[in-house]
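Residue 430 in this note's numbering sits at position 335 of the sequence shown, with consecutive numbering throughout. What follows is one structure encoded as structure tokens, with my remarks underneath.
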Amino acid sequence: MGYGGSNKYANIFEAKANQDGSENIKAVSFMTGRSTNLNYTVSIYTNLTDETNPESGTLAAQKSGITTYDGTYTVNLDSPVEINEGNKFSVVVEVRNASGKTSYLAYERSMQSGRAGYWCTASAKENQSFIATPYGYWDDFGKARSCNFIIKAFTDNETQTPVVEVESVSLNKSEMTLTEGKSETLAATVTPENAENKSITWSSNNEAVATVDVNGTVTAKSAGTAVITATSTNGKSAGCTVTVEKKQIPVTEVRLSESTVGIVEGSTYKLTATVLPENTTDSKNVSWSSNNEAVATVDANGTVTAKSAGTAVITATSTNGKSAGCTVTVEKKQIPVTEVRLSESTVGIVEGSTYKLTATVLPENTTDSKSVSWSSSNSEVATVDANGTVTAKRAGTAVITATSTNGKTAGCTVTVSKKEIPITEISLDKSSATLTEGETTTLVATVLPENTTYGKSVKWSSSNVAVATVDIMGKVTAKSAGTAIITATSENGKTASCTITVNKKDTNITITEVRLNKSTETLTEGDTTTLTATVLPENTTYGKSVKWSSSNVAVATVDIMGKVTAKSAGTAVITATSTNGKSAGCTVTVEKKQIPVTEVRLSESTVGIVEGSTYKLTATVLPENTTDSKSVSWSSSNSEVATVDANGTVTAKRAGTAVITATSTNGKTAGCTVTVSKKEIPITEISLDKSSATLTEGETTTLVATVLPENTTYGKSVKWSSSNVAVATVDIMGKVTAKSAGTAIITATSENGKTASCTITVNKKDTNITITEVRLNKSTETLTEGDTTTLTATVLPENTTYGKSVKWSSSNVAVATVDIMGKVTAKSAGTAIITATSENGKTASCTVTVNKKDTYTGLRDVDGNWMYFENGNVNSDYAGLVNYEGLWFYVDNGTIDWGYTGLADYNGIWFYVSGGMVDWNYTGLTYYNDVWFYVSGGMINWDYTGLVYYNDIWFYVSGGILDWDYIGLTYYNDIWFVISGGMINWDYAGLIYYNDMWFYVSGGTINWDYAGLIYYNDAWFYVSGGCINWTTAIVDYNGAKFYVQNGMVDWDYTGTVDYNGTTYRIVGGMVV
96 MGYGGSNKYA NIFEAKANQD GSENIKAVSF MTGRSTNLNY TVSIYTNLTD ETNPESGTLA
156 AQKSGITTYD GTYTVNLDSP VEINEGNKFS VVVEVRNASG KTSYLAYERS MQSGRAGYWC
216 TASAKENQSF IATPYGYWDD FGKARSCNFI IKAFTDNETQ TPVVEVESVS LNKSEMTLTE
276 GKSETLAATV TPENAENKSI TWSSNNEAVA TVDVNGTVTA KSAGTAVITA TSTNGKSAGC
336 TVTVEKKQIP VTEVRLSEST VGIVEGSTYK LTATVLPENT TDSKNVSWSS NNEAVATVDA
396 NGTVTAKSAG TAVITATSTN GKSAGCTVTV EKKQIPVTEV RLSESTVGIV EGSTYKLTAT
456 VLPENTTDSK SVSWSSSNSE VATVDANGTV TAKRAGTAVI TATSTNGKTA GCTVTVSKKE
516 IPITEISLDK SSATLTEGET TTLVATVLPE NTTYGKSVKW SSSNVAVATV DIMGKVTAKS
576 AGTAIITATS ENGKTASCTI TVNKKDTNIT ITEVRLNKST ETLTEGDTTT LTATVLPENT
636 TYGKSVKWSS SNVAVATVDI MGKVTAKSAG TAVITATSTN GKSAGCTVTV EKKQIPVTEV
696 RLSESTVGIV EGSTYKLTAT VLPENTTDSK SVSWSSSNSE VATVDANGTV TAKRAGTAVI
756 TATSTNGKTA GCTVTVSKKE IPITEISLDK SSATLTEGET TTLVATVLPE NTTYGKSVKW
816 SSSNVAVATV DIMGKVTAKS AGTAIITATS ENGKTASCTI TVNKKDTNIT ITEVRLNKST
876 ETLTEGDTTT LTATVLPENT TYGKSVKWSS SNVAVATVDI MGKVTAKSAG TAIITATSEN
936 GKTASCTVTV NKKDTYTGLR DVDGNWMYFE NGNVNSDYAG LVNYEGLWFY VDNGTIDWGY
996 TGLADYNGIW FYVSGGMVDW NYTGLTYYND VWFYVSGGMI NWDYTGLVYY NDIWFYVSGG
1056 ILDWDYIGLT YYNDIWFVIS GGMINWDYAG LIYYNDMWFY VSGGTINWDY AGLIYYNDAW
1116 FYVSGGCINW TTAIVDYNGA KFYVQNGMVD WDYTGTVDYN GTTYRIVGGM VV
């Protein structure tokens, strides 16, 4: 008896009527197994139209319910169903458990009892018993398995043969004694001999002690007593009391928690001993010993105490003498550094000066090195050398840290103040000048040194304003004939002077100067530019035309309009000369004209070659006279199809298409499409899996032809033929059918004429055909814990008259189990032999090796490549960060990408990766997806808004991202900086609007010390304390007094103003 594994089962019957030609179905029955409390629905279909579909007729009756026990279950119909003689009808049973999962119905099958020579044979015909498939159609179970489901219909046909019920069941043993793990098979005898249904159900009242399978095989599980009961379908039973005795399991091994241990003098370490196997029946106590108690001792609990430097072996010994040892290495006790102290915790120094810090390492008796390493948190502010000498670089704050060899630190905050650099000198661009009444000239004052920390504005004054005046910008105006000294004075009193001589204005105004709009110009051969000449003074009474000339017409020419034409490489001076001989020159440098590469051409645009061959491409760079390099680089769009070397030689790799591209140094390209065709590989040999075979008339066997070599490009199909079709035929698939006794040669021929043959001997058919062999589809199999595989058993010969069902068994169910369908389940690591046994004792086996399941998730070194594993398998799709031994690595396509430097997202956090690893020490900017991000401590710092120093430039970061659009002020290290285009604008000097206030900025920062006038957007503003002072006042600026109204010089005002008790006369905004 077996069990089906669907939800719906059916048997088809043919009615045998009473004398009146009809009979009535009053009840049906079915037999369940393995489960109780099943929801069932019984349906009866009459007048079937399709013998292969039990539901193809008329639904005549249906009834549902719940089973209350295992075994045969009878269902009485609410109303009888009338059927006529010869009518085909079906009984369909659908069963489900409470959770809706698959339940089972029993079926009759051939089997052998434990009594030698006793057989029970079941058989079934086509279109009798069916099982529903998950795909919506019915499978003929009787035809496939020679078995019927135990589904019956009961009618009122009085002419039926009376059912012979089982009267009693007896067992071959009433008592049995087994040792844990052992098995023995009970044999059940049913009386009377002619009972209609001799099926037996086996059960155990204590499966923790002993189990029993469907064949009556009892397996001892654990010590105790269990009753094994054999029950017939009508409830008759017999029992056997099984006593299971404890299996004696000796200690086979002792294992220690560690094989080697390193500890320090005076410390202890607890070793743990494990006695194996786990289920040993021996004592699990161990005794501990040390082979060198001067080095290390061990107590009864395995606690090792380190005594002195050296080596000792600690041994744990079981009661039966099994032992395990641990080598203990005791090291001298180390006294680590616990603290570092500096001579100062804060220091203030001036730019350019130095200061010596002293570090003290504690405790005094440390066994570590007392050396320290020095570092600065901001080396742009202050650096520190290996001796602790701090050098001040620029104003700001830096923390100088001393770090011991074991990482202990102490810091000193160093504040560097700006070095005061006074003005030492003022120089003017002119020491004297001669003007005519009404003329002007602008003096330029240079304040030295360049890096002075004082303001660079100067105050201008005239010794004689009747002769010449000077404004705040140094512009001198000649008033009347005479001499005046113009003086520029710095804020610390340094002066420089220029003597101005003013001549009486002459009505004839001569040309005093010629100016060109350019003093130098660089052109390329063939280029032109036009120079403009200005004749001064503007009011000259002389003609303003000039004559143009070139010092080297081979290099550059000039026409009468000042248009310069570059001729050849070199230098020429272009001169404009006024009518009275005044001149001005422009030095023109002519550079060689560059002729770039405009095109690359290949010798071929398409090429066809065969796998393994080569082809030489030639690249021509145009134009011929290019001044660029004529070298090209070669590349392939698909190096698996074709590669190309530096000389343009193409090598065909495999069939396909690739574009070979030649690229010039300036990026011009040309391509050739290379088509690689398959290399013809002919068939050299055919082999068959058999050279001879013996069959019985009617039997078949399939020959398998192997065409060699494996990589032939010819078709691998073969043509089959028989030398004697009266003896044996062969179809196009190599299936040989034995026809009559004799010999035939079966030949397989390839498309190029290669052949292989098998001699077939056909024997006369015997009417009683016994099973001669059982074959499995696999002889070995390797599984991982939890895996399954299904073995298929083939009973030979095909035409045996014996049943083809087999019994499956495992030599080690702890390693692998097998069910009645041959499905093998891997349980634990080890080896088990799965055996299929035919009803006449023929066997076939498969050795199953079960490997420990690999559940590892993380990185592994695979032949020098670090790969990412997930549950024991390489995850080639993974891209992201992985933690391994405390370090974070960047993985792409399942492998550590050592070349990657950039950002990586992990659990919503962006980390900075350098050379394939998260760089926790990196602080700075990094470029990713066209955006610059600010990274600190290895991660994007989304909270940071402020300045960042990167590649010698200060950038403005907002919310962790470089803000290129920001224009305004930002506060950093007690200083306000002006930002434009995302960077500090060190060159800016002027006003800037921020938080509803106007600030004065010079040299990139707010100048809080400045007080005076500032020119901005065509207006003069009064600035004091770094901001526009919107007051109304009289303001001194560069030796003059100005009238400021609402923060701005009022140039339109003329009148008198009372200010601080003084009345001032104002003309055009200035005090006169």
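All C-beta atoms, glycine included, are put in the ideal place defined by N, C-alpha and C.
query: Looking at the unbroken beta strand (DSSP E) that takes in Gly237, where does it start and where does it end?
result: Position 142 of the sequence shown, counted from the first residue, corresponds to residue 237. Careful: Gly237 lies outside any beta strand (DSSP E), inside the alpha helix (DSSP H) at 236 to 240.
message: Quick check on DSSP: helix, strand or coil for Val188?
response: Locating residue 188 in the sequence shown gives position 93, where the first residue counts as 1. Under the three-state reduction of DSSP output, Val188 falls in the strand class.
task: Can you grab the Cα-Cα spacing for the pair Thr636 / Val1166, in whole Å?
output: What you label residue 636 is simply residue 541 of the sequence shown in a count that begins at 1. What you label residue 1166 is simply residue 1071 of the sequence shown in a count that begins at 1. Using only the alpha carbons, I get a separation of about 37 angstroms.
- request: Let me know the alpha helix (DSSP H) ranges lying completely inside the segment 862 to 946, each 4 residues or longer, listed in chain order.
  value: none
field: Short Cβ contact (8 angstroms threshold) for Leu1181 with Ile246
entry: Any question about residue 1181 goes unanswered here, given that the chain covers just 96 to 1167.
query: Between Ala628 and Val641, is the Cβ-Cβ spacing less than 8 angstroms?
result: Here residue 628 refers to the residue found at position 533 when the sequence shown is read from its first residue. Here residue 641 refers to the residue found at position 546 when the sequence shown is read from its first residue. Result yes, Cβ atoms of Ala628 and Val641 sit closer than 8 angstroms.
- prompt: Which value, in whole angstroms, describes the spacing of the CA atoms of Val1162 and Phe1072?
  reply: Within the sequence shown, numbered from 1, the residue matching residue 1162 stands at position 1067. Within the sequence shown, numbered from 1, the residue matching residue 1072 stands at position 977. Val1162 and Phe1072 have their C-alpha atoms spaced approximately 38 angstroms apart.
query: If you draw a straight line from the alpha carbon of Gly665 to that of Ser614, how long is it in whole angstroms?
result: In the sequence shown, residue 665 corresponds to position 570, counting from 1. In the sequence shown, residue 614 corresponds to position 519, counting from 1. Roughly 16 angstroms separates the two Cα atoms.
- prompt: From this set, Gly1120, Lys725, Gln689, which residue's C-alpha is nearest Ala1106's C-alpha?
  reply: On the sequence shown, position 1011 is the one that residue 1106 refers to. Among Gly1120, Lys725, Gln689, the Cα nearest to that of Ala1106 belongs to Gly1120.
message: Under 8 angstroms: do the segment 720 to 731 and the segment 686 to 701 share three or more Cβ pairs, one atom per stretch?
response: yes
field: When Asp826, Lys773, Val831, Val771 are compared against Glu794, the one with the closest alpha-carbon
entry: For the purposes of this step, residue 794 is taken as residue 699 along the sequence shown, with counting starting at 1. Answer by Cα proximity: Val831.
- prompt: Considering only residues of the same chain and omitting the five flanking positions on each side of Glu880, which have a CB-CB separation below 8 angstroms?
  reply: Position 785 of the sequence shown holds residue 880. If we look at Glu880 and ignore the five residues flanking it on each side, its Cβ neighbours are Ala921, Lys922, Ser923, Ala924, Val945, Asn946, Lys947, Lys948.
query: Do three or more CB pairs link the segment 257 to 268 to the segment 307 to 327 at distances below 8 angstroms?
result: yes
- request: Assign Pro804 to one of three DSSP states: helix, strand, or coil.
  value: Translated into positions along the sequence shown, residue 804 becomes position 709. In the three-state DSSP reduction, Pro804 falls in the coil class, being neither helix nor strand.
message: Can you tell me where the beta strand (DSSP E) holding Met962 begins and where it ends?
response: As a working mapping, residue 962 is identified with position 867 in the sequence shown. Run containing Met962: 960 to 965, per the beta strand (DSSP E) assignment.
- prompt: Does DSSP put Val542 in a helix, a strand or coil?
  reply: The count along the sequence shown starts at 1 and reaches residue 542 at position 447. It is a strand residue.
message: For Asn182, tell me which candidate among Lys277, Asn142, Met656 has the shortest Cα-Cα distance.
response: Against the sequence shown, residue 182 aligns to sequence position 87. Per the Cα distances, Asn142.
task: From the DSSP output, read off the bridge partner residues of Tyr1029.
output: Within the sequence shown, the letter at position 934 stands for residue 1029. According to DSSP, which records beta bridges pairwise, Tyr1029 is partnered with Leu1020.
Residue closest to Asp165, alpha-carbon to alpha-carbon, out of Gly994, Met126, Glu203: Sequence index remark: in the sequence shown, residue 165 carries index 70 (1-based). Residue Met126 is the option with its Cα nearest to Asp165.
field: Span of the beta strand (DSSP E) around Ser468
entry: Position 373 of the sequence shown, counted from the first residue, corresponds to residue 468. It spans 467 to 471 - the beta strand (DSSP E) in which Ser468 sits, taken as one unbroken run.
The beta strand (DSSP E) enclosing Ser818, as first and last residue numbers: Taking the first residue of the sequence shown as 1, we reach residue 818 at position 723. Where Ser818 is concerned, there is no enclosing beta strand (DSSP E), given that its DSSP letter is neither H nor E.
field: Three-state secondary structure assigned by DSSP to Thr392
entry: One-based indexing of the sequence shown puts residue 392 at position 297. Thr392 carries a strand assignment under DSSP once its states are collapsed to helix, strand and coil.
message: Between the alpha carbons of Tyr1039 and Ile580, how many angstroms are there, rounded?
response: Within the sequence shown, the letter at position 944 stands for residue 1039. Within the sequence shown, the letter at position 485 stands for residue 580. Straight-line Cα distance between these residues: approximately 56 angstroms.
message: Rounded to whole angstroms, what is the Cα-Cα separation between Ile139 and Thr320?
response: On the sequence shown, residue 139 is found 44 positions in, with the first residue counted as 1. On the sequence shown, residue 320 is found 225 positions in, with the first residue counted as 1. Rounded to whole angstroms, Ile139 to Thr320 spans 46 angstroms at the Cα level.
task: Could you tell me the distance, in whole angstroms, from the CA atom of Ala395 to the CA atom of Trp383?
output: Here residue 395 refers to the residue found at position 300 of the sequence shown. Here residue 383 refers to the residue found at position 288 of the sequence shown. The alpha-carbon atoms of Ala395 and Trp383 are separated by roughly 6 angstroms.
query: Assuming Val769 and Ala750 make a contact with CB atoms under 8 angstroms, what is their CB distance in whole Å?
result: For the purposes of this step, residue 769 is taken as residue 674 along the sequence shown, with counting starting at 1. For the purposes of this step, residue 750 is taken as residue 655 along the sequence shown, with counting starting at 1. So it is not a contact: roughly 11 angstroms between Cβ atoms.
task: Starting from the Cα of Ala132, find the closest Cα among Gly160, Ala788, Val857 and give me that residue.
output: In the sequence shown, the residue the question calls residue 132 occupies position 37. Per the sequence shown, the amino acid found at residue 132 is Asn instead of Ala. It is Gly160.
message: For Pro804 and Asp784, what's the separation of their Cα atoms in angstroms?
response: The count along the sequence shown starts at 1 and reaches residue 804 at position 709. The count along the sequence shown starts at 1 and reaches residue 784 at position 689. Cα to Cα, the separation comes out at about 16 angstroms.
query: Which residues mark the beginning and the end of the beta strand (DSSP E) in which Arg696 is found?
result: By one-based count along the sequence shown, residue 696 stands at place 601. Arg696 -> beta strand (DSSP E) spans 694 to 697.
query: Using 8 angstroms as the threshold, is the segment 854 to 872 in touch with the segment 812 to 824, meaning 3 or more CB pairs across them?
result: yes
- prompt: Any idea what DSSP makes of Gln1140, helix, strand or coil?
  reply: Taking the first residue of the sequence shown as position 1, residue 1140 is located at position 1045. Gln1140: strand per DSSP, three-state reduction.
- request: Would you be able to state if there are at least three C-beta pairs under 8 angstroms between the segment 416 to 423 and the segment 446 to 456?
  value: No: the two stretches stay apart, fewer than three of their Cβ pairs being nearer than 8 angstroms.
- request: Assess, as a yes-or-no matter, whether the segment 397 to 414 is touched by the segment 336 to 343 under the definition of 3 or more beta carbon pairs within less than 8 angstroms.
  value: no
Closest Cα partner of Ser904 within the set Thr153, Lys873, Ala939: Position 809 of the sequence shown, counted from the start, is the residue given in the question as residue 904. When each option's Cα is compared against that of Ser904, the closest is Ala939.
task: Report all residues from its chain with a CB closer than 8 angstroms to the CB of Ile840; omit the five preceding and five following residues, and keep chain order.
output: Position 745 of the sequence shown holds residue 840. Around Ile840: Ser817, Ser818, Asn819, Ser852, Cys853, Thr854, Ile855.
- request: Tell me, to the nearest whole angstrom, how far the beta carbon of Ala561 is from that of Glu532; I am working on the premise that it is less than 8 angstroms.
  value: Walking along the sequence shown from the start, residue 561 turns up at place 466. Walking along the sequence shown from the start, residue 532 turns up at place 437. Taking a contact as a CB-CB distance under 8 angstroms, the pair Ala561 and Glu532 does not count as one, their CB atoms being some 12 angstroms apart.
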